[in-house]
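Peer 1: Sharing a structure below in structure tokens format, with a few things to ask.
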Amino acid sequence: MMILQVNQLSKSFGADKILTNIKLEVRSRDRIAIVGRNGAGKSTLLKMIAGQMSYDEGEMIKPKDLTIGYLDQHSGLDSKLTLKEELLSVFEFLKAIEKEMRSIEEQMAIVDSQKLESLMKTYDRLQQEFKDKGGYQYEAEVRSIIHGLGFAGFDDSTQVQDLSGGQKTRLALGKMLLTKPELLILDEPTNHLDIDTLTWLEQYLQNYSGAILIVSHDRYFLDKVVTQVYEISRTQSKKYQGNYSSYLQFKAEQLEREMKLYEKQQDEIAKLQHFVERNLARASTTKRAQSRRKQLERMEVIEKPLGDEKSASFHFEISKQSGNDVLRVQDLTVSYQNQPPILRSLNFHITRGESVALVGPNGIGKSTLLKTLIQKLKPVSGTISTGSHVLIGYYDQEQAELTSSKRVLDELWDDYPELNEKDLRTCLGNFLFSGDDVLKPVHALSGGEKARLALSKLMLQQANFLILDEPTNHLDLDSKEVLENALIDYPGTILFVSHDRYFINRIATKVFELSTEKAEEYLGDYDYYTEKKAQQLELEELEKQRIDVHKQTSTEKPSSKRSYEEEKEWKRRERQRQRRIEEIESTITNLEEHIEKNEQLLCDADVFQDHKKVQEINSENERLHEELDQLLAEWEGLSTDE
1 MMILQVNQLS KSFGADKILT NIKLEVRSRD RIAIVGRNGA GKSTLLKMIA GQMSYDEGEM
61 IKPKDLTIGY LDQHSGLDSK LTLKEELLSV FEFLKAIEKE MRSIEEQMAI VDSQKLESLM
121 KTYDRLQQEF KDKGGYQYEA EVRSIIHGLG FAGFDDSTQV QDLSGGQKTR LALGKMLLTK
181 PELLILDEPT NHLDIDTLTW LEQYLQNYSG AILIVSHDRY FLDKVVTQVY EISRTQSKKY
241 QGNYSSYLQF KAEQLEREMK LYEKQQDEIA KLQHFVERNL ARASTTKRAQ SRRKQLERME
301 VIEKPLGDEK SASFHFEISK QSGNDVLRVQ DLTVSYQNQP PILRSLNFHI TRGESVALVG
361 PNGIGKSTLL KTLIQKLKPV SGTISTGSHV LIGYYDQEQA ELTSSKRVLD ELWDDYPELN
421 EKDLRTCLGN FLFSGDDVLK PVHALSGGEK ARLALSKLML QQANFLILDE PTNHLDLDSK
481 EVLENALIDY PGTILFVSHD RYFINRIATK VFELSTEKAE EYLGDYDYYT EKKAQQLELE
541 ELEKQRIDVH KQTSTEKPSS KRSYEEEKEW KRRERQRQRR IEEIESTITN LEEHIEKNEQ
601 LLCDADVFQD HKKVQEINSE NERLHEELDQ LLAEWEGLST DE
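Letter by letter, the sequence shown follows residues 1 to 642 in full-length UniProt numbering.
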């Protein structure tokens, strides 16, 4: 079913056209990605669809009662509520229904028969509404969101206002998911999420009941979630079926086909024009030349395919080769700003030419470790030694040093005064700073522009050991690919932190998984790492089962050392345990059937008009549920003794 139709939508900011003639269709359960360069108008389009920004021309058709949830990339919550209270606030309407139901139950006990019938109808309606809207499972959904988004380790009393900016955005995402709008609009939802949380979010969105419209620069995430892609390029939109990888392949194939058709027609036009020019003046061939000219005039000329917009173009070089040993860390303990140590006794070794990805959950200390390695932070203990001729180039995910009021050109020139203006402009042009762009103040740049400026400074440094902290943050998909290609061709050594699994797969030759007391080494890319982790978990589970079986055998099963009487007693107890398990299972089945029958009775018109009968059934069900809980607990205890 169609839930949203966008026709000929246009938007300008002053004289600058941002979007023109945009077409987009959303059906229920669609999973759509909006892709394009930074500044192409993706977020603007989402805001217009969400009703947070007006459009200049066109129309947007949607049902009046369509529920839309919109989460922009800078969303955040701020309140004195605890995390759980903030999430539960989504369900205030269910709490109100439940409160009204309890009130009606009290009234039914004291009203006369005429009033009772009206109350029972209201009660039945409220009970059905409470059930249909998730009244019996919303607390479980809240727990799922808390665990899935990485808040399970937080204290119950933690208030929203005490969270970091990234955590507030993550909580806002969780709150949005709990509202379950028919159209969920997410602008960069993967920001501030670690890899485990990203994996959980992918699975959640795959099973989401409504439609989803996403802007994201995480290609791995897009491949897992979306089934359609709308590309915004040169202010217009184009639709592609499939996930992000399918879109790239189809787009390349389409461009190749269009270019072949264009070139074929150009060859045909050249031949016709050549024939006309040579034969028009001859009496014997004039008619044929005129025929060819008419053919040319009637021909619908194919425009040359535009292809992709201009991309950044750069590569990293080194001024000199390092020794084979690049970095050795021994018994390293680090902390952040005089806080208790967060990483202890780390040991690892990096050699020339390796590209090492540092992975681990948010907050484990990856960025702190990188800052310690480059001596921005002092280690608590341990040693950090670099090899001969090692020159470190560092990229900071926060770009904290790029906040000056200098012009872009001067920001680069002050660091490299020996270069002339032409060379600096050429370098900046390779990073898409052209014309007057180089005269912009640095503090006014967008996140993507600051990232490209930081990369231009890194390129000019010609370091042979790059330490990169989230280098793909703020880069659009095209710029990410250019960076990847530059790093793949880089002749030096790389240590990097990234949550971009696609990027890790392309760049990493080795993965270090960081925990509080070690950096575990995996030889391979991200897919290899996840495969090995899954194997390790499987082996650990098998070992646990083996140990449990061994304990069971050594503590319970009769052995040759038991006397005849001991073995006989053990077998007797085992028969009793098995009989009790069977009795409990039978009783549980009967109780569940009884509870189900009672619930069906409560829906019967004759029964729910009798308030005394309703109260009796409710009281009986409460007692049955208590008995059921006790039996389940006993059953679990007996079963674990097997």
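Every residue, glycine too, gets a C-beta built ideally from N, C-alpha and C.
Keep in mind that this is a model prediction, so the values were computed, not measured.
1. Quick check on Arg234: buried or exposed, where buried means 16 or more other Cβ atoms within 10 Å of its Cβ?
2. Could you give the uninterrupted runs of the beta strand (DSSP E) lying entirely in the region 461 to 527, keeping only those of 3 residues or more?
3. Look at the alpha carbon of Ala50 and the alpha carbon of Leu186, and state the distance between them as a whole number of angstroms.
4. Would you mind stating whether Thr333 and Gly387 have Cβ atoms separated by less than 7 Å?
5. At the level of alpha carbons, what is the spacing between Gly363 and Ala534?
6. Could you compute how far the alpha carbon of Gly41 sits from the alpha carbon of Tyr220?
7. Looking at C-alpha atoms only, which residue of Ala486, Thr589, Thr493, Lys121 is the closest neighbour of Ser313?
8. Pick from Thr403, Gln375, Ser113, Glu98: whose alpha carbon is nearest that of Lys131?
9. So, helix, strand or coil for Gln241, using DSSP?
10. Please list the terminal residues of the continuous beta strand (DSSP E) segment that includes Thr197.
11. Could you tell me which uninterrupted beta strand (DSSP E) segments, each at least 3 residues in length, are contained entirely in the region 45 to 109, listed from first to last along the chain?
12. Quick one: grab the DSSP three-state call for Val160.
13. Please confirm whether Leu377 and Leu514 have their CB atoms less than 7 Å apart.
14. Looking at the strands, I want to know which residues DSSP matches up with Glu25.
15. For Met628, which residues from the same chain have a beta carbon less than 6 Å from its beta carbon, with the 5 sequence-adjacent residues on both sides left out?
16. Just how far apart, CA to CA, sit Gln52 and Glu481?
17. Alpha carbon to alpha carbon, how far is Tyr247 from Arg257?
18. Alpha helix (DSSP H) containing Asp415: first to last residue?
19. Considering only residues of the same chain and omitting the five flanking positions on each side of Gly36, which have a CB-CB separation below 7 Å?
20. Contact between the region 630 to 638 and the region 606 to 617: three or more CB pairs below 8 Å?
21. Quick test of your reading: Leu9 and Tyr55, contact by CB under 8 Å. State the CB separation rounded to the nearest angstrom.
22. How would you write the range of the beta strand (DSSP E) that Ile392 sits in, first residue to last?
23. Can you pull the DSSP bridge partners for Arg125?
24. Where does Phe348 sit, in a helix, a strand or coil, going by DSSP?
25. Can you tell me the Cβ-Cβ gap for Val142 and Leu87, rounded? I've got them flagged as a contact below 8 Å.
26. Using a Cβ-Cβ cutoff of less than 6 Å, which residues in the same chain neighbour Ser209 once the five nearest sequence positions on both sides are dropped?
27. Determine the DSSP secondary structure at Ser560, reduced to helix, strand or coil.
28. Would you mind giving the Cβ-Cβ distance between Leu475 and Ala451, rounded to the nearest angstrom? I have them listed as a contact below 8 Å.
29. First and last residue of the beta strand (DSSP E) that includes Thr333?
30. Ends of the beta strand (DSSP E) at Leu184?
31. Quick one: is Glu277 buried, meaning 16 or more other Cβ sit within 10 Å of its Cβ, or exposed?
32. Cα separation between Asp437 and Glu92?
33. Can you tell me the Cα-Cα spacing of Phe465 and Leu458, whole angstroms?
34. For Ala33, report the span of its alpha helix (DSSP H) as first-last.
35. Please classify Phe13 as buried or exposed, where buried requires at least 16 neighbouring CB atoms within 10 angstroms.
36. Could you give the distance in angstroms between the alpha-carbon of Glu268 and the alpha-carbon of Lys294?
Peer 2: According to the structure shown:
1. Here Arg234 is exposed. Its C-beta has fewer than 16 other C-beta atoms within 10 Å.
2. Taking 3 residues as the shortest admissible run, the region 461 to 527 contains the following complete beta strand (DSSP E) segments, listed from N- to C-terminal end: 465 to 469, 493 to 497, 510 to 515, 518 to 522.
3. So the alpha carbons of these two residues sit roughly 10 Å apart.
4. Their beta carbons are not under 7 Å apart, which means Thr333 does not touch Gly387 by this criterion.
5. So the two alpha carbons sit approximately 23 Å from each other.
6. So the two alpha carbons sit approximately 22 Å from each other.
7. The shortest C-alpha separation from Ser313 is found at Ala486.
8. In terms of CA proximity to Lys131, Glu98 leads the group Thr403, Gln375, Ser113, Glu98.
9. Looking at Gln241 - three-state DSSP - the assignment turns out to be strand.
10. Per DSSP, Thr197 belongs to no beta strand (DSSP E); it is in the alpha helix (DSSP H), 195 to 206.
11. Runs found: 57 to 61, 68 to 71.
12. Val160 carries a helical assignment under DSSP once its states are collapsed to helix, strand and coil.
13. Cβ distance not < 7 Å, so Leu377 and Leu514 don't count as in contact.
14. Glu25 is bridged by DSSP to Gln5.
15. It is worth fixing the name first, because residue 628 is Leu in this sequence and not Met. So the list reads Leu591, once near-sequence residues are dropped.
16. So the alpha carbons of these two residues sit roughly 32 Å apart.
17. Approximately 15 Å between the Cα atoms of the pair.
18. Its alpha helix (DSSP H) spans residues 408 to 415.
19. Excluding the 5 residues flanking it on each side, Gly36 has same chain C-beta neighbours closer than 7 Å at Lys42, Glu231, Ile232, Ser233, in chain order.
20. Judged by Cβ distances under 8 Å, the region 630 to 638 makes no contact with the region 606 to 617, as fewer than three pairs qualify.
21. Contact between Leu9 and Tyr55 holds, since their C-beta atoms are separated by about 5 Å, short of 8 Å.
22. Ile392 -> beta strand (DSSP E) spans 392 to 395.
23. Beta-bridge pairing links Arg125 to no other residue.
24. Note: Phe348 maps to strand in three-state DSSP.
25. Yes, Val142 and Leu87 are in contact; Cβ-Cβ is about 5 Å, under 8 Å.
26. Answer for Ser209: no residue qualifies.
27. Here the model assigns Ser560 a pLDDT of 47, short of 50, so the residue's position is not dependable and the matter cannot be decided.
28. That pair is a contact at about 5 Å.
29. 325 to 334 is the extent of the beta strand (DSSP E) around Thr333.
30. Looking at the DSSP string, the run of the beta strand (DSSP E) that includes Leu184 is 183 to 187.
31. Label assigned to Glu277: exposed.
32. Rounded to whole angstroms, Asp437 to Glu92 spans 50 Å at the Cα level.
33. The straight-line gap from Cα to Cα measures roughly 11 Å.
34. In the DSSP assignment, Ala33 falls outside any alpha helix (DSSP H) and lies within the beta strand (DSSP E) extending over 31 to 35.
35. Counting the other CB atoms within 10 Å of its CB gives Phe13 a total below 16, which places it among the exposed residues.
36. Computed Cα separation, rounded: 14 Å.
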